[in-house]
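Chemist: The structure is given below, and queries will be raised subsequently.
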Amino acid sequence: MGRQPCCDKLDVKKGPWTAEEDKKLINFILINGQCCWRALPKLAGLRRCGKSCRLRWTNYLRPDLKRGLLNEHEEQLVIDLHARLGNRWSKIAANMPGRTDNEIKNHWNTHIKKKLLKMGIDPVTHEPLHKETEANITSSSSTEKPKSQFSRSASANTLDSFDNSSSTVLSENSLLANDQDQETEALFESLCEDEKLLNYLLGEDEPPLVDTLTWELPNNMSGFDNRPNGFASWEDCATWLLDCQDFGVHDFGLDSFNDVEISINDT
DNA sequence: AATAGACCCAACCGCCGCTTC
DNA sequence: TGAAGCGGCGGTTGGGTCTAT
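Quick note: the first sequence uses the working numbering, first residue 2, plus one each step.
Written out as structure tokens, the structure reads:
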């Protein structure tokens, strides 16, 4: 007996989600939390595969998502983490609050990859392309694996110089960029110093004890008797969340959603 | 204004690893 | 111990949008 399909293929809708479906999904998760994706579609009244519901929630509807393009220092962070972790997008995303693996992967494939190639850097190995060619001549070893050596200097510095020479967009607000560079620098220094965290990033260790497993609600939503204060009903709450998708939750000053998970799974 | 090609990203697919029985 | 079931991950694709001609 083979494995059952993840859902009833005949009765499953595919393609873009409608506002109505989003509303149903948000309503259900706000009430019941994230549990049993397989059963969720039926319980929530959705003609969708559980997998599809999970993806829709994690990549688009989650209230802690940032919207819009990655900024300069987020991009740098992706490059640095990719140099170390390779195509392990979920691990990279885990270090970038508010960003999803899908979003990072898309951004990598559409922007960063081209940028690195244009700079003469191999986006797989983060080595200069010509050097890569030489290496291939002398050695037949695979280049698929990410570098084990931390390669910030190679990728980051060259990217900086690329930005300085060619970018009109990225050079805007340079003072802020400098601050962000320093932040990024500090972040990576701390990353390198934190052996436990590094091991975790490499998938060789348990996650460090950081409180990322449960969502905490913003102060104005405390006392979440499974319903944010200020909302007369779940319907209002879901409507608000749907609005957040249009404007970006951070436009509402709810940055405290970052890194946290609504703790309604307990219900 | 029309069209073709490039670009972008949401969503799907298939595989893998973990858990349960 | 191994099969079944599930969630999660990474690669890929399809279609909408943008841009150049």
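Backbone N, C-alpha and C define an ideal beta-carbon position, used for all residues, glycine too. Note that the structure is predicted; figures quoted are calculated from it, not measured.
(1) Give the secondary structure of P64 by DSSP, where H, G and I count as helix, E and B as strand, and everything else as coil.
(2) So, with DSSP's three-state summary, where would you put P98?
(3) Would you kindly check if the distance between the Cβ of N28 and the Cβ of L44 is under 9 Å?
(4) Give me the Cα-Cα distance between H112 and I122, rounded to the nearest whole angstrom.
(5) Buried or exposed: where does A84 fall if 16 or more other Cβ atoms within 10 Å of its Cβ makes it buried?
(6) Nearest-angstrom Cα distance between E22 and R57?
(7) Work out the CA separation of N60 and W109 for me, nearest whole Å.
(8) Over the uninterrupted alpha helix (DSSP H) stretch that includes Q77, give me the two end residues.
(9) Give the secondary structure of D206 by DSSP, where H, G and I count as helix, E and B as strand, and everything else as coil.
(10) With 16 other CB atoms within 10 Å as the buried threshold, where does P64 fall?
Modeler: According to the structure shown:
(1) coil
(2) coil
(3) no
(4) 14 Å
(5) buried
(6) 10 Å
(7) 16 Å
(8) E73 to L86
(9) Caution applies to D206, whose pLDDT of 47 falls short of 50 and renders its modelled position unreliable; the value that the coordinates give is listed next. Note: D206 maps to coil in three-state DSSP.
(10) buried
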